[in-house]
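**Q** Numbered per the working numbering, the sequence shown spans residues 174 to 362. Note that beta-carbon positions come from the ideal geometry of N, C-alpha and C, so glycine has one too. The structure under discussion is supplied below as C-alpha cells; questions concerning it will follow.
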Amino acid sequence: MNNILVPADDFLHQEDEIYTIIRNHWIIILGYITINDDRTIDVDGSVRFPESSSYLIELPLQFNKVSGDFNCSGLNLMTLKGAPVEVGGIFDCSYNRLTSLEFAPIHAAGFIFDNNVACLSTGNSNYFDNVSVIFRSSEPKIPEIIDDHQEMLATIFKYQDFFQVWDNKDSVNIAGIHELIQEINEGLE
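Quick look at the structure:
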C-alpha cells in the first residue's frame, strides 16, 4: 500500500464512516481491523455477515486481506465486488444471487459457492487450496463439463486464463476446458 498523507480530520472522518457501516450492517468481525489509505479493510481474524443482512445485494465495504474466514453466504449478493483479495481461511459466497464469480478472492485456503452460479470466470488466475460446490438446485446453472469435474476446480481456477477456459467471461470455451482437463489428467497441478 502506498502511504498517502491524509489530514487527520479526513482520516478520522473516513474511519468513523467505515465503523458506522460495520455497525449499521451488523458485520461480525472476530479480530482486529486496519483501514488502509485506499479505504480498503484488512482484518486480522474472520468476517461474517448475519442473517439479518440478507437484504444486501453487494458488499458495503471493500475488503483487502482477511487472515481468517470470510463468510458472506445467505445474503442476496448479485456481485462479489468488495470481496477480499486474499483470505487466509475459507471464503464462502454460497446461497446468494450471483451470476458470476467475478471479484472472487485471488487467493483463499478454501472457496465455497453453489451450483446456481452460471459463469465461474473470476477475471483472474486464482489460487484456492480447496474448492467446494454446494448442491443447491436440481437444475444447476454451472456448466455441465465443469460440474462433472468438480474435483479439478482448484486447478481449473488456477489456469483458467492460461487455457482460455472462458469466452467473453461468460460462456465455456469447450476447446480450452477440454485441453485443461487433459493436462490435469496428465499431472498438471
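Return helix, strand or coil for L326, following the three-state DSSP convention.
**A** Helix, per DSSP.
**Q** So, helix, strand or coil for Y192, using DSSP?
**A** DSSP places Y192 in helix when its eight states are reduced to three.
**Q** Would Q333 pass as a contact of S298 if the rule is Cβ separation under 8 Å?
**A** Yes, Cβ-Cβ distance for Q333 and S298 is below 8 Å.
**Q** What does DSSP give as the partner residue(s) for I214 in the beta ladder?
**A** Per DSSP, I208 and F236.
**Q** With 16 other CB atoms within 10 Å as the buried threshold, where does Y205 fall?
**A** It is exposed - the Cβ of Y205 has fewer than 16 other Cβ atoms within 10 Å.
**Q** What does a CB cutoff of less than 7 Å around G247 pick up in its chain, not counting 5 residues either side in sequence?
**A** The residues are E224, S227 and Y268.
**Q** Taking the Cβ atom as the reference point for each residue, do F284 and A256 lie within a distance shorter than 8 Å?
**A** For F284 and A256, no; Cβs fall outside 8 Å.
**Q** Thinking C-alpha only, which one of Q337, V304 and D340 is nearest Q323?
**A** For Q323, the nearest C-alpha among the options comes from V304.
**Q** Is DSSP giving G255 helix, strand or coil here?
**A** If DSSP states are grouped into helix, strand and coil, G255 belongs with coil.
**Q** With distance defined between alpha-carbon atoms, name the residue in S294, N209 and G262 nearest to V220.
**A** Among S294, N209 and G262, the Cα nearest to that of V220 is on G262.
**Q** When DSSP labels each residue in this structure, what does Y300 get in the three-state scheme?
**A** Y300: strand per DSSP, three-state reduction.
**Q** Is it buried or exposed for F308, if we count other Cβ within 10 angstroms and need 16 for buried?
**A** By the neighbour-count rule (16 or more Cβ atoms within 10 Å), F308 is not buried but exposed.
**Q** Can you list, in chain order, the residues of its chain whose CB lies under 6 Å from that of V239, leaving out five sequence neighbours each side?
**A** The answer, listed in chain order, is V216, V220, P257 and V260.
**Q** Is D321 helix, strand or coil by DSSP?
**A** Correct three-state label for D321: coil.
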